[in-house]
Amino acid sequence: MISLHPPAEMLRQMLLDARSRTLTLATDLQASQLLGPRMSIVNPPLWELGHLAWFQEHWCLRQEKGGTVHDTSIMLNADRLYDSAAVPHEVRWDLPLPRLEETLGYLQSVLERVLERVATELDADLAYFVQLAAFHEEMHCEALTYTRQTLEYSAPATAHRAQPEMSEERSSGDAQIAGGEFLLGADSHDGFVFDNEKWAHPVTLRPFRMARSATTNEQYRAFVEDQGYGRRDLWCTNGWQWRQSVAAEHPVYWRKQDGDWYARRYDVWEPIQPDEPVMHVNWFEANAYCRWAGRRLPSETEWEYAAATERTGAVTKRRYPWGDTPPRDVHANLFGVSGVCVDVAALPHGDSAWGCRQMIGNVWEWTADAFGPYPGFVADPYKEYSQPWFGDHKVLRGGSFATRAALIRNTWRNFYTPDRRDVFAGFRTCA
Numbered sequence: 506m507i508s509l510h511p512p513a514e515m516l517r518q519m520l521l522d523a524r525s526r527t528l529t530l531a532t533d534l535q536a537s538q539l540l541g542p543r544m545s546i547v548n549p550p551l552w553e554l555g556h557l558a559w560f561q562e563h564w565c566l567r568q569e570k571g572g573t574v575h576d577t578s579i580m581l582n583a584d585r586l587y588d589s590a591a592v593p594h595e596v597r598w599d600l601p602l603p604r605l606e607e608t609l610g611y612l613q614s615v616l617e618r619v620l621e622r623v624a625t626e627l628d629a630d631l632a633y634f635v636q637l638a639a640f641h642e643e644m645h646c647e648a649l650t651y652t653r654q655t656l657e658y659s660a661p662a663t664a665h666r667a668q669p670e671m672s673e674e675r676s677s678g679d680a681q682i683a684g685g686e687f688l689l690g691a692d693s694h695d696g697f698v699f700d701n702e703k704w705a706h707p708v709t710l711r712p713f714r715m716a717r718s719a720t721t722n723e724q725y726r727a728f729v730e731d732q733g734y735g736r737r738d739l740w741c742t743n744g745w746q747w748r749q750s751v752a753a754e755h756p757v758y759w760r761k762q763d764g765d766w767y768a769r770r771y772d773v774w775e776p777i778q779p780d781e782p783v784m785h786v787n788w789f790e791a792n793a794y795c796r797w798a799g800r801r802l803p804s805e806t807e808w809e810y811a812a813a814t815e816r817t818g819a820v821t822k823r824r825y826p827w828g829d830t831p832p833r834d835v836h837a838n839l840f841g842v843s844g845v846c847v848d849v850a851a852l853p854h855g856d857s858a859w860g861c862r863q864m865i866g867n868v869w870e871w872t873a874d875a876f877g878p879y880p881g882f883v884a885d886p887y888k889e890y891s892q893p894w895f896g897d898h899k900v901l902r903g904g905s906f907a908t909r910a911a912l913i914r915n916t917w918r919n920f921y922t923p924d925r926r927d928v929f930a931g932f933r934t935c936a
């Protein structure tokens, strides 16, 4: 935990912003959509709403000094219904979940009590848990957005096609990056960070070349049309087994019609946009593309170096690729900017010092590395956040168009199993 914390009004706004987004994403769904089909990569939206209330209550209202937790919730059986560490994923459709109205009432009651505590009892511990709850809700909002895409529901009300600033100079080719020693990970002065970002430690990199932009639909289409999905030599062993198990021949939401490729965006099929980043490809697909192109995925150390360091070789790192200024619409395509992907040439003001574009926002980017602890790792109070997933997940960096700006920074590590295609993820390559 940290000794300094944001002011009460900022914490209050974080909670309200997250809740507004949650309600926008969920309350327009039909009754049948609130449960949806049983799938390993989604939660029933109705369960997810109750889980958000339970999590906020657990950490912000029931948590006591020393780590003990009040036995009782303001909702009957809340622990048996909504504790994600204790309720297996596959049974969440079978639970006696309260109706939507009661679930929304639980959400509102918890929020009102937390806001009252923030106004009257704020200290460093409560501030930490409020930030944890707000960021947890924002992550679930992004996951609910994935769910709407996966289940072919309509686009969220926040989705619209924007026209951000473009650069006359295309962000093509490679950036030549000098390498050297730098500190990988978050610093203790960075404010709230998650346990898997702790702490900054020295690493040394050799010079490398990294693509200035993410791999585009046009580039990936060439791989698909060159029979990339049918060539065993391009796939790692586990990747080939996955490809065969699902009979993958192209990205999951692509289809070919009358000689042209289309992609499904929520419940609408549209022609693929050649200069937007390829999205909804998993780690296996990204790795196979790299082999086909004679390239490779960056390590997460290379990714952070390219995003955060100065060309001068100074030890100081940037919080964001463009500097320490919080993200604005001219920097990155994050939640609230467009709600969809944008051209890889857009947003030149967000370039890193090395000239890499859109390292924050637009699409999450797969890296080569397995998700694991940094030296000296110690789990934070929410022990289920990182440690259970070390080893069999891959690291993604950078955020997507569905990521809230307050959540993301250069050191932030996302993680998914290498077979996941529902995520708003793409990749960039290294030479």
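If you want my numbering, it's the position in the sequence shown, counting the first as 1, plus 505.
For every residue, glycine included, the Cβ atom is placed at its ideal position computed from N, Cα and C.
I'd like the list of long-range same chain contacts for residue i, defined as Cβ closer than 8 Å, with 5 residues on each side in sequence excluded.
i, result
"T721", "P779, D780, E781, P782, V783, V849"
"E569", "H575"
"A719", "P782, V783, V849, Q863, N867, V868, E870, G931, F932, R933"
"L534", "P550, Y658"
"R711", "G684"
In angstroms with no decimal places, state the Cα-to-Cα distance between residue i and residue j.
i, j, result
"M506", "L521", "Bear in mind that a pLDDT of 44 at M506, under 50, signals an unreliable position, so the number given afterwards is only what the model happens to contain. One C-alpha to the other measures close to 23 Å."
"T663", "G844", "6 Å"
"E626", "Y725", "53 Å"
"K822", "F920", "23 Å"
"A768", "I777", "6 Å"
"Q762", "P756", "15 Å"
"T835", "P669", "It should be noted that the sequence gives Val, not Thr, for residue 835. Going from the Cα of V835 to the Cα of P669 covers about 7 Å."
"F840", "A936", "31 Å"
"S589", "T652", "17 Å"
"S677", "G903", "19 Å"
"H594", "A716", "38 Å"
"Y771", "S905", "16 Å"
"Y887", "I579", "21 Å"
"R714", "Y810", "12 Å"
"W894", "A591", "16 Å"
"T922", "P878", "16 Å"
Measure from the alpha carbon of residue i to the alpha carbon of each residue in the options, then state which is nearest.
i, options, result
"H665", "T916, Q561, A907", "A907"
"R824", "A813, Q535, L912", "A813"
"Q654", "S693, W774, F697", "W774"
"R597", "Q636, M544, A680, A632", "M544"
"F640", "E807, T922, S750, C565", "C565"
"A798", "V729, P831, Y810, G860", "V729"
"V820", "G684, S672, I546", "G684"
"L581", "L602, D772, V592", "L602"
"E723", "D765, A752, R737, W747", "D765"
"P832", "P880, Y879, A911, G881", "A911"
"L637", "E889, G610, V900, A680", "E889"
"T709", "G696, T806, L649", "T806"
"T817", "I682, T742, A727", "I682"
Buried or exposed: residue i, going by 16 or more other Cβ atoms within 10 Å of its Cβ?
i, result
"K703", "buried"
"H645", "buried"
"Q863", "buried"
"V883", "exposed"
"H898", "buried"
"S537", "exposed"
"S525", "exposed"
Given a cut-off of 9 Å, decide if residue j and residue i are closer than it, judged by their beta-carbon atoms.
i, j, result
"A793", "G733", "yes"
"W740", "R796", "yes"
"T608", "L540", "no"
"Q561", "D700", "no"
"A858", "P826", "yes"
"T529", "L557", "no"
"V635", "R914", "no"
"R918", "E647", "no"
"W808", "G744", "no"
"W559", "A531", "no"
"L612", "P542", "no"
"L600", "L586", "yes"
"E643", "A837", "no"
Excluding the five sequence neighbours on either side, which residues of its own chain have a C-beta within less than 6 Å of the C-beta of residue i, listed in chain order?
i, result
"R567", "V574, H575"
"E967", "Past the edges of the chain, shown from 506 to 936, lies residue 967, and the structure says nothing about it."
"R760", "Y767"
"S508", "Low per-residue confidence applies at S508: pLDDT is 47, beneath 50, and the placement is therefore not dependable, though the value from the model is reported in the following sentence. Taken in chain order, the residues that qualify are A629."
"H785", "P756, V757, Y758, R926"
"A660", "Y771"
Leaving aside the five residues before and after residue i along the sequence, list all residues of the same chain whose C-beta is less than 7 Å from its C-beta, in chain order.
i, result
"A624", "A513"
"R517", "L620, V623"
"L605", "L539, L551"
"P707", "E686, L688"
"M671", "D848, A850, A851"
"A705", "L688, L689, G690, A691, D692"
"S804", "T872, A873, D874"
"P511", "A632"
Sorry if obvious, but does the Cβ on residue i come closer than 8 Å to a heavy atom of the ligand NAD?
i, result
"W745", "Among the components modelled here there is no ligand, and therefore nothing to report on the ligand NAD."
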